[in-house]
Each structure stands twice: as C-alpha cells, then as structure tokens.
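Visitor: Before we start, here is the structure in question, set down as structure tokens.
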Amino acid sequence: MAKLGSMASTPRRTLVVAGHGMVGQRLVETLAERGAADRWDVVVFGEEPRAAYDRVALSSLFAGAAPDDIALPSSPAPALTLHLGERVVSIDREAHQVVSSAGRRVAYHALVLATGSAPFVPPIPGHDAAGCFVYRTIEDVEAIKAWAAGCRVGVVIGGGLLGLEAANALRHLGLVTHVVELAPRLMPVQVDDGGGEALRRHIQALGVTVHTGCRSAEVLTWAARGGAGGSPETKARGARRVAGLRLDDGTELVAGMVVFSAGIRPRDELARSAGLEVGQRGGVVVDEACRTPDPAVYAIGECALVAGRTWGLVSPGYQMARVVADRLMGGEATFTGADCSTKLKLLGVDVASFGDAHGEAAGTESLTFADARAPVYRKLVLDTSDGRVVGGVLVGDASGYTELAAMAQGFMTTPSEPAALVLPVGAGISTGARGAGVAGLAGCSTICNCENVSKDAICSAITDDGVTDVAGVKAATRAGTGCGGCLPLLADLVADELGRAGVALSNHLCEHFAYSRQELFDIIRAEELFTFSDLLARRGTGRGCEVCKPAVASMLASLGSGYILDAHQAGLQDTNDHFLANLQRDGTYSVVPRVPGGEITPARLVVLGEVARDFGLYAKITGAQRIDLLGARVHQLPAIWGRLIEAGFESGHAYGKALRTVKSCVGTNWCRYGVQDSTALAIELELRYRGLRSPHKLKSAVSGCSRECAEAQGKDFGVIATERGWNLYVCGNGGTRPQHGVLLASDLDKETLVATIDRFLMFYIRTAGRLERTAPWLNKLEGGLDYLRRVVVDDALGIGAELEAAMAHHVATYQCEWKATLDDPERVARFTHFVNSDEVDPDVVMVTERGQPRPAYDDERPAPPGVGDQGVPVMAGAGR
Numbered sequence: 039m040a041k042l043g044s045m046a047s048t049p050r051r052t053l054v055v056a057g058h059g060m061v062g063q064r065l066v067e068t069l070a071e072r073g074a075a076d077r078w079d080v081v082v083f084g085e086e087p088r089a090a091y092d093r094v095a096l097s098s099l100f101a102g103a104a105p106d107d108i109a110l111p112s113s114p115a116p117a118l119t120l121h122l123g124e125r126v127v128s129i130d131r132e133a134h135q136v137v138s139s140a141g142r143r144v145a146y147h148a149l150v151l152a153t154g155s156a157p158f159v160p161p162i163p164g165h166d167a168a169g170c171f172v173y174r175t176i177e178d179v180e181a182i183k184a185w186a187a188g189c190r191v192g193v194v195i196g197g198g199l200l201g202l203e204a205a206n207a208l209r210h211l212g213l214v215t216h217v218v219e220l221a222p223r224l225m226p227v228q229v230d231d232g233g234g235e236a237l238r239r240h241i242q243a244l245g246v247t248v249h250t251g252c253r254s255a256e257v258l259t260w261a262a263r264g265g266a267g268g269s270p271e272t273k274a275r276g277a278r279r280v281a282g283l284r285l286d287d288g289t290e291l292v293a294g295m296v297v298f299s300a301g302i303r304p305r306d307e308l309a310r311s312a313g314l315e316v317g318q319r320g321g322v323v324v325d326e327a328c329r330t331p332d333p334a335v336y337a338i339g340e341c342a343l344v345a346g347r348t349w350g351l352v353s354p355g356y357q358m359a360r361v362v363a364d365r366l367m368g369g370e371a372t373f374t375g376a377d378c379s380t381k382l383k384l385l386g387v388d389v390a391s392f393g394d395a396h397g398e399a400a401g402t403e404s405l406t407f408a409d410a411r412a413p414v415y416r417k418l419v420l421d422t423s424d425g426r427v428v429g430g431v432l433v434g435d436a437s438g439y440t441e442l443a444a445m446a447q448g449f450m451t452t453p454s455e456p457a458a459l460v461l462p463v464g465a466g467i468s469t470g471a472r473g474a475g476v477a478g479l480a481g482c483s484t485i486c487n488c489e490n491v492s493k494d495a496i497c498s499a500i501t502d503d504g505v506t507d508v509a510g511v512k513a514a515t516r517a518g519t520g521c522g523g524c525l526p527l528l529a530d531l532v533a534d535e536l537g538r539a540g541v542a543l544s545n546h547l548c549e550h551f552a553y554s555r556q557e558l559f560d561i562i563r564a565e566e567l568f569t570f571s572d573l574l575a576r577r578g579t580g581r582g583c584e585v586c587k588p589a590v591a592s593m594l595a596s597l598g599s600g601y602i603l604d605a606h607q608a609g610l611q612d613t614n615d616h617f618l619a620n621l622q623r624d625g626t627y628s629v630v631p632r633v634p635g636g637e638i639t640p641a642r643l644v645v646l647g648e649v650a651r652d653f654g655l656y657a658k659i660t661g662a663q664r665i666d667l668l669g670a671r672v673h674q675l676p677a678i679w680g681r682l683i684e685a686g687f688e689s690g691h692a693y694g695k696a697l698r699t700v701k702s703c704v705g706t707n708w709c710r711y712g713v714q715d716s717t718a719l720a721i722e723l724e725l726r727y728r729g730l731r732s733p734h735k736l737k738s739a740v741s742g743c744s745r746e747c748a749e750a751q752g753k754d755f756g757v758i759a760t761e762r763g764w765n766l767y768v769c770g771n772g773g774t775r776p777q778h779g780v781l782l783a784s785d786l787d788k789e790t791l792v793a794t795i796d797r798f799l800m801f802y803i804r805t806a807g808r809l810e811r812t813a814p815w816l817n818k819l820e821g822g823l824d825y826l827r828r829v830v831v832d833d834a835l836g837i838g839a840e841l842e843a844a845m846a847h848h849v850a851t852y853q854c855e856w857k858a859t860l861d862d863p864e865r866v867a868r869f870t871h872f873v874n875s876d877e878v879d880p881d882v883v884m885v886t887e888r889g890q891p892r893p894a895y896d897d898e899r900p901a902p903p904g905v906g907d908q909g910v911p912v913m914a915g916a917g918r
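The numbering of the sequence shown is our numbering, which starts it at 39 and goes up by one.
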C-alpha cells in the first residue's frame, strides 16, 4: 500500500470505509484536506464497478451526459487503496477485521459504514419480471435506456422526488409516462395538498398521467415468445415480461416497463450481522459523533440513524462525513441534525419547501396564494406570536426562496408585512416589502448546504482572496459543487459583494465560455461556425453544460445554421422541435400550417377540412387566426404535411421558438373604420419573418385603425394604422404576466416600418437571453425604451445597416422545415413510434364530442387488454 511520507514517531493506523458513494468519498476527501495521510492509511470498498459519482446528477445521463461527466474528483491517491466491484460482507469486531466479497481480509483501527440505502421494491406479484427496474445507479440507467428502446409506455411507482425524476427520464426516452403514488398527493413529504395539486397540474400538462391515492396491486406480465428464450435479460429473470400494472381499484395500465421509486431503505444488513444496534425501521444507530456503541465503528449517510432519524439527503451525509473526519483527527465535532429545506426543478417545475412546511408546530398560521391557471402555489407558515416566517411551500414560482428559508432559520428578519412575501414576483409588491434580498442575509447564513459554506466564507473569498466570479468561489470554497441548487443565490451574492467593492462583474455565459451571450453570438456569426462542438473547440473549455448548450442552440438556429434536425443540431433542440410539432397531453401532436395574416382561400380551407376528416383530427380556429389540427400520431405527420404542402401550405412553426403569427383585422378592404390595408401588411410581415428563430416565440399583429381589433399592443411587435402611416409598438406579451407594448415609433411609411422592425428583431435576437421574451428583455435592458429607441430608430451604435442585412439574409435563405423534411427519405424515417417496428401508438384513444374527436379521459377508455391464451398480450405493441 502506497503511503505519504509517514513520520517515524507517529504510529500509522488503518481506516476501512465500507461504501464508496458520495458520502464515503466526501469522508476520504475531508480526511485528505485535514492532513490525515500522515496518520491514516485508508482502504475503501466500493460495491459498484466504478469510482464515486454524483448520484444527484444521475438523471442527466438520460439527457445525453456520459458517466464520466458526473464522476466525482478523484481522491489523493498516496494514502488510499480503493477496491471497486467489491463490498464488505462481514465484520469481525473482536479481531477488528472485515472480509470482502472477494475473500479479502483487512484489519482496521477504525471502520466507517457508508453503505447508503437501497430502493424499496414493494413485494407485489410480478415485481421481479423482466422490464421492472429501480433507479439508483449508472447501471440502472443503462438498463432502463436499453429496455426503453423497445417500449412505448412506462409506469413509475412512486410520486416523490426520485419518482418524478424517473418520470422525467422516461419522458426523455420518448415514452408515454404514468406516475402512481400511494399518498393523496405528489411529493407528500415536501409539499401540502395545495402544492401537490399545482405540481400535478404542471406535470399533467407535460403529458404525464398522474394517479394519486392508488396502491399498486400487481405487475401484469406475459410470456416472452419462445418460452424461456429471448434476451439475456429475460432469461436471467425468467420468461415473464411486463405487460402493465394493476392498481388496487382494478384499473389496469398497459405498459412495457415499470420503474420502482417508492422510497429507500437503509443498507444496515452489515451492521445487523455484526450485532450492532439498528433502529426499529432500519438504520445503524449512532450517537452525535456518528459512532456506534462499538467505539471503533462509525456510520454515516443514508445508512445511519442519528439525531432520532435517518436522513435521505446528501447534505446531512456530508455533514456526518465532516464530523467523523474531525473525530478521527482528534476533534470533538458533533451532528445534531440538519436543515432539510429543498429547492428543486422537477420536469421543469420549481418546487421548494423549507422550515415547518406543513405548519405542524403549535401556534402557527398559514398564508396562501394559489393561481390554478399558471399554476402557481405559495404558502408561508407564520408564528402567530410575532409574525415570523417559520416555513413554507412554493410550487411553480419559487422566487424569494433563499430569503424565506433564511427567515425560517432566523438568519434574516421577517418584514413587518409578511403577507407581501406570499405573492409571486411581478404582483406589484415593492422590493422593500419583500425583504433585504441577499444583502440582508446574516453572515452565518448557510449558502451551500451540501458543502456547509456560509455567506461569510464566500464573502471572505471575494474580499480577502481576490476571487471575482462564481467559478472562483466554487474553487475556493466548494460552494455550488454539490447538487448545484445554490448556484443562483451564489451568483447573486458574488455580484452583490463585487458591486460593493466596485469591481466590474463578469458577464461570462458560463464557466465553459469566457464570453457573454452577445459576444458568443457575434463570434459564431463572424467566424461562420455551424456546430456547438466547433464553437467549444475554438472558444471554450470542457464539455459544455445545461446553460451553454441550449443557449448556443438558440444562436445557431437564429443564424440559420442549416436544417434544424441535422445531426450536429438535433441533440441541442427543445422537445417539440424533434418532431416539428407540439406534443399534446395524450401523446399526439398538433399540425398548424401557416395562414399569413389569417387570410385563406376557400380551396385551402377545404383541404384543411379534408385532412382533418381523413386523419381523424380535431380542428380549432386559434386566437391568432390559424387553424389548429390536433390528435396526429407521429407516423401520420409526414403524410399530413405532404397533403398540406401539396395544397400550398407551409410550416407554421407552432413548435419552435420562432415567429408564430401576424394577426390582422380586415382593414380598409372591408371595414368602414379602417384607414390602412392591415391584412396586406400582416401577410407581408408574416412572410418576411416566417421561420425566424429567436430566444423565445414571437407574436405580432396589425390593426387597421385605432379601434385595435387585432390587439397589436399585446404582441412582441404590433402595428396600428394611422391616417399618416403606421405606429410601431414593441415588447408586449401575454401569458401569466401580461404587459402592454410600448410605442417605439410613430407615423412610419411602410419601408421605414419594415426596416425598423428588422432592426428591432435582430437586436433582440442578439442580446436577449434564452427563453426570454421581449417584455422581460426590455424591462432588464439598461436604459430601457430610450436606449432601445436610440439603437433601433436613431442608429446611435451605427449597426442599423448590419441588422437590416442580417434580416435580409434570413429572408433570402428561408426554407420550410417540413418541405425540407419530406424531400429527404432519411429525415422522414425519424417519424415512427418504435425504433424496431412499424406498429402505431396503441395507447391513443379518442372519443367524439360536439362532432369532433378528442382524447378519452381515463374512465372513458376501454379496459386494458388481458393476456391471451398463449400468454401474449392481445394489444399489439404492449410490453414491446
């Protein structure tokens, strides 16, 4: 065993660590930082075939990350011996020895159990069939991905944090997904009924079907064809394969995969066999030093029962690792509990809970805000004696979480009118009424729970060590290197502290690019780069991240860097772009052809009706004067678009971050109030800007007079006719926080109007953040409307001609993405439900309402298929 320069006067001791997960690795790292290499030889046994990795980031493997991307930094090697693929199977406490699964015997002076936990699999019939999985390790992920390639529908049993992550993973794999939760709401530990309902609305809007208050009764199975033959997986686990799931109310869900995420159980079997005390519900009982009654044996992480409970989060595990490291070095650190406040983003939804989230303590009352349309739910729990915030639940809008959690911990004073805190940002409440922000946090406030880093430590790194950016703070303090949930707060704190010191703030996009978004946009354009990998190789470092990849994808699309689903671009695009259509909640897609200005010939109107009839689609005239055809299956999309393009239609880009429509009234051709031909101008503008990719979707309108029938002032850019020309309004948005447009220029002739819109749109595309619509972009623009007017109208920066030329290039190179798709058989081939079969989606069921098809509700669907006489599902594709 290799050792760091041992000192002759210091007897060396051996530490054995049973388990090499995140917490075991943190113990080893902390010991190395404390100089333990001069006193301890460390032997670690890791059950998995690879070194420790970030299990919190496991779901990123479904989004394209590689196992190496989530590997944890390697430990200092000289005093460490690491045995991978080998676990401790027994402990001889009298001889102070452990025995491994490979028969290896190692003597110890101290033993730390870091065996973690195991997924709980309910012992229901069929739970061990081929197609049943847990979601815990990299090997689990690889097995799920391999099996999902032949499935259409997956069921996740468990609607907690890990269950929803598993559901998101199945969505990434293209599966229709169900979540089954025994409790009456999702995430029952973290949120209350109101928060659970808001979360349910968000998740169901993504197409995930949620079943709460349901117990899983049986995994339905069928016999693999060929009896005991088939894949190695099937042979290893028997001839039965998953066909679905039966709930305790008799409901049967047809599915080809079941993922169990119904909670975890402490891995305490090693301690049990060694005669160490375990809790009634599991967990190795330890004291505040994380030590068992045997003074040579410690337990940390999810396998430990300390301070009266087990802890299923990584942050308390890291705290236990620090306590044991301190004790092994002669210190007296203790673990008496941990803050379990959490802020997460699950399936794109912000979810946070903190303090006494459920108001269980005596003398508390709750304030709630609920908007079912958004949906947003915010609840604060207050101490009735003094009005202090002591807990809360935030779903859909977690703004102010850091300050609220700090108030609950006593690190920040609750404002005198706490009711203002419960409202979402944008509700007209002043900043002062919400609290002092990051500047008001006490120095002892914990910014990073995973690494136990305080505000004082971060400020010290900035003021004393000269750190000037988030990356530097991460390197100096380790803050933000755990789950990453504190990074937004960390960025705010760095900006605030540097601003106080008068230091210029970094505007780098992320740690992989030392440029702002605007600078990267200019680099891509000037150097004529067409792929993310080219940009990364030339101007970046590392592999990229969840910040820079989608941002660069948006830039490349805006610059027209080729067909959007070519190999080098496809992996960067948003979900809907993969099939050039909007995914609906039942797994079907929408077809929205462009109808410029809302004007359509009777012949084309007939074609739309015929297509809707022939393909069984639901037809609706949208609020933006288009016709939306809903209910198309993936395999139908090319045939539908073939008919439409033959009739002269083209893609309406309803699926993309691009121009959607230019709505219009009938103008002077028909309306007695009209003063300009609004329809003709709307058609011209829509054809000019069609296919223009941007940071977010764009909507426009043209009204023929001041009566404003086209609602132009609520659009990203809108035009209203006057007797002397056209008024241009910009940066109006609808949605959950509507904002009227502002007048940019008045009484413009058409040529000047078009040039001004060209400049405005290209300036927005170059300078806005990803997924930032025009209204919030203007609100954040330094100098506001006056600055925008100077740039776009007055050309104060001298870039007007360049912006107009960029738009002219877009107009000249535009192509309909659907026509380009149909012209290439290889592109058409991607529109299929299954990678290995021509079968169609078996789970789309329609009923008729008001003479049109719509998706069937659960209680309207026919009973799921049974198992045929030969053990083969009746429905083609089930379990495939």
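By construction, the Cβ of each residue, glycine as well, lies at the ideal position given by its N, Cα and C atoms.
Here's the rule I'm using: 16 or more other beta-carbon atoms within 10 Å means buried, otherwise exposed. How should Tyr-727 be labelled?
Guide: Counted from its first residue, the sequence shown places residue 727 at position 689. Its Cβ being crowded by 16 or more others within 10 Å, Tyr-727 is buried.
Visitor: Taking the DSSP output, what are the residues bridged to Gly-763?
Guide: Residue mapping note: residue 763 aligns to position 725 of the sequence shown, counting from 1. Note: Gly-763 sits in a beta bridge opposite Thr-760.
Visitor: Helix, strand or coil for Gly-470? Go by DSSP, reduced to three states.
Guide: Sequence index remark: in the sequence shown, residue 470 carries index 432 (1-based). With a pLDDT of only 43 at Gly-470, under 50, the local geometry of the prediction cannot be trusted, and no value is derived from it.
Visitor: Using CA atoms only, rank isn't needed, just tell me which of Ala-168, Val-217, Ser-784, Lys-383 is closest to Val-194.
Guide: As a first step, residue 194 must be located in the sequence shown, where it is residue number 156. Minimum Cα distance to Val-194 is reached at Val-217.
Visitor: So Ala-90 and Gly-123 are in contact, right, with Cβ under 8 Å, and what is the actual spacing, rounded?
Guide: Position 52 of the sequence shown, counting from 1, holds the residue named residue 90. Position 85 of the sequence shown, counting from 1, holds the residue named residue 123. Wrong, their Cβ atoms sit about 13 Å apart, outside the cutoff.
Visitor: What do you get for Arg-698, buried or exposed, if any count of 16 or more other CB atoms within 10 angstroms of its CB means buried?
Guide: Walking along the sequence shown from the start, residue 698 turns up at place 660. It is buried - the Cβ of Arg-698 has at least 16 other Cβ atoms within 10 Å.
Visitor: Quick check: Val-429 and Ala-395, are their CB atoms within less than 9 Å of each other?
Guide: Numbered from 1 along the sequence shown, position 391 holds the residue referred to as residue 429. Numbered from 1 along the sequence shown, position 357 holds the residue referred to as residue 395. The displayed chain sequence assigns Gly, not Val, to residue 429. Cβ atoms of Gly-429 and Ala-395: closer than 9 Å.
Visitor: When the Cβ atoms of the stretch 69-85 are set against those of the stretch 157-168, are three or more pairs found closer than 8 Å?
Guide: No, they do not touch.
Visitor: Taking all protein chains shown into account, decide if Val-644 is buried (16 or more other Cβ within 10 angstroms of its Cβ) or exposed.
Guide: For the purposes of this step, residue 644 is taken as residue 606 along the sequence shown, with counting starting at 1. Answer is exposed; the Cβ neighbour count stays below 16.
Visitor: Please classify Asp-107: does DSSP put it in a helix, a strand, or coil?
Guide: To locate residue 107, count along the sequence shown from 1; it is residue 69. Looking at Asp-107 - three-state DSSP - the assignment turns out to be helix.
Visitor: Ignore the nearest five residues each way along the sequence and tell me which others in Thr-579's own chain have a CB closer than 7 Å to its CB.
Guide: Here the question's residue 579 lines up with position 541 in the sequence shown. Cβ within range, chain order: His-550.
Visitor: If you follow the alpha helix (DSSP H) that Asp-178 is in, where does it begin and where does it stop?
Guide: Translated into positions along the sequence shown, residue 178 becomes position 140. Element bounds for Asp-178: 176-186.
Visitor: Which ranges does the beta strand (DSSP E) cover as unbroken runs of at least 3 residues, wholly within the stretch 190-240, from first to last along the chain?
Guide: The stretch 190-240 contains these whole beta strand (DSSP E) runs: 191-195, 214-219.
Visitor: Examine the Cβ distances between the stretch 763-773 and the stretch 743-755 and report whether three or more of them are shorter than 8 Å.
Guide: The stretch 763-773, when compared against the stretch 743-755, does touch it at the 8 Å Cβ threshold.
Visitor: Please classify Tyr-415: does DSSP put it in a helix, a strand, or coil?
Guide: Within the sequence shown, numbered from 1, the residue matching residue 415 stands at position 377. Strand.
Visitor: Leaving aside the five residues before and after Gln-674 along the sequence, list all residues of the same chain whose C-beta is less than 6 Å from its C-beta, in chain order.
Guide: Residue mapping note: residue 674 aligns to position 636 of the sequence shown, counting from 1. Excluding sequence neighbours, Gln-674 sits near Phe-653.
Visitor: When burial is assigned at 16 or more other CB atoms within 10 Å of the CB, is His-847 buried or exposed?
Guide: Your numbering for residue 847 matches position 809 in the sequence shown. Per the 10 Å Cβ criterion, exposed.
Visitor: Looking at the structure shown, is Gly-265 part of a helix, part of a strand, or coil, going by DSSP?
Guide: Taking the first residue of the sequence shown as position 1, residue 265 is located at position 227. Residue confidence for Gly-265 is low, a pLDDT of 41 falling below 50, so the modelled location carries little weight; the figure read from the coordinates is stated next. Note: Gly-265 maps to coil in three-state DSSP.
Visitor: I'd like to check one pair, Leu-442 with Leu-420: are the Cβ atoms closer than 9 Å?
Guide: Position 382 of the sequence shown, counted from the start, is the residue given in the question as residue 420. Position 404 of the sequence shown, counted from the start, is the residue given in the question as residue 442. No, the pair does not count as a contact, with Cβ atoms beyond the cut-off.
Visitor: Apart from the five residues on each side of it in sequence, which residues of its chain come closer than 7 Å, Cβ to Cβ, to Leu-237?
Guide: Counting from 1 along the sequence shown, the entry for residue 237 is found at position 199. The residues are Leu-224, Met-225, Val-229, Val-387, Val-389, Val-433.
Visitor: Taking the alpha carbon of Asp-832 as the reference point, which residue from Trp-856, Phe-798, Ala-844 has its own alpha carbon closest?
Guide: If you number the sequence shown from 1, residue 832 lands on position 794. Checking every option, the nearest Cα to that of Asp-832 belongs to Phe-798.
Visitor: Can you have a look at Val-257 and say buried or exposed, based on whether 16 or more other CB atoms are within 10 angstroms of its CB?
Guide: Translated into the one-based positions of the sequence shown, residue 257 becomes position 219. Counting Cβ neighbours within 10 Å, Val-257 comes out buried, since at least 16 surround it.
Visitor: Once the 5 residues before and after His-121 are set aside, which same chain residues still bring their CB inside 8 Å of it?
Guide: Mapped onto the sequence shown, residue 121 falls at position 83. Val-81, Val-82, Phe-83, Gly-84, Ser-138, Ala-140, Arg-142.
Visitor: Rounded to a whole number of angstroms, what is the C-alpha to C-alpha distance between Gln-890 and Ile-665?
Guide: Residue 890 sits at position 852 when you count from the first residue of the sequence shown. Residue 665 sits at position 627 when you count from the first residue of the sequence shown. Taking the straight line joining both Cα atoms gives about 14 Å.
Visitor: Only counting runs of 4 or more residues, tell me where the alpha helix (DSSP H) segments fall wholly within the stretch 294-322, in order along the chain.
Guide: Those alpha helix (DSSP H) runs which fall completely within the stretch 294-322 and span 4+ residues are 307-311.
Visitor: Tell me whether Thr-153 sits in a helix, a strand or coil according to DSSP, three-state version.
Guide: Locating residue 153 in the sequence shown gives position 115, where the first residue counts as 1. Correct three-state label for Thr-153: coil.
Visitor: Do you know whose CA, among Arg-305, Leu-285, Ala-281, lies nearest Gly-294's CA?
Guide: Numbered from 1 along the sequence shown, position 256 holds the residue referred to as residue 294. Here the closest residue by C-alpha is Ala-281.
Visitor: Could you give the distance in angstroms between the alpha-carbon of Lys-493 and the alpha-carbon of Ala-152?
Guide: One-based indexing of the sequence shown puts residue 493 at position 455. One-based indexing of the sequence shown puts residue 152 at position 114. Taking the straight line from one Cα to the other gives about 29 Å.
Visitor: From Thr-760 to Arg-827, what does the alpha carbon distance come to, in whole angstroms?
Guide: Here residue 760 is taken as the residue at index 722 of the sequence shown, counted from 1. Here residue 827 is taken as the residue at index 789 of the sequence shown, counted from 1. Cα to Cα, Thr-760 sits roughly 20 Å from Arg-827.
Visitor: Below 8 Å CB to CB, which residues in the same chain sit around Glu-746 once its five sequence neighbours on both sides are set aside?
Guide: The sequence position of residue 746 within the sequence shown is 708, counting from 1. The residues are Ile-758.
Visitor: What ranges does the beta strand (DSSP E) occupy inside the stretch 632-700, keeping only unbroken runs of at least 3 residues that lie completely in it?
Guide: Segments of the beta strand (DSSP E) lying fully in the stretch 632-700: 656-659, 665-670.
Visitor: Give the straight-line distance between the Cα atoms of His-249 and Ala-204, rounded to the nearest whole angstrom.
Guide: Looking up residue 249 in the sequence shown gives position 211. Looking up residue 204 in the sequence shown gives position 166. The alpha-carbon atoms of His-249 and Ala-204 are separated by roughly 15 Å.
Visitor: Mind checking Val-885: buried by the 16 CB within 10 Å criterion, or exposed?
Guide: Against the sequence shown, residue 885 aligns to sequence position 847. Counting Cβ neighbours within 10 Å, Val-885 comes out exposed, since fewer than 16 surround it.
Visitor: Quick check: what's the CA-CA separation for Gly-763 versus Ala-813?
Guide: Within the sequence shown, residue 763 is the residue found at index 725, counting from 1. Within the sequence shown, residue 813 is the residue found at index 775, counting from 1. Using only the alpha carbons, I get a separation of about 25 Å.
Visitor: Express the C-alpha separation of Val-700 and Leu-736 in angstroms, rounding to a whole number.
Guide: Locating residue 736 in the sequence shown gives position 698, where the first residue counts as 1. Locating residue 700 in the sequence shown gives position 662, where the first residue counts as 1. Going from the Cα of Leu-736 to the Cα of Val-700 covers about 9 Å.
Visitor: Taking just the CA atoms, how far does Pro-631 sit from Ala-650?
Guide: Reading the sequence shown from its first residue, position 612 is the one you call residue 650. Reading the sequence shown from its first residue, position 593 is the one you call residue 631. Each residue's alpha carbon lies about 12 Å from the other.
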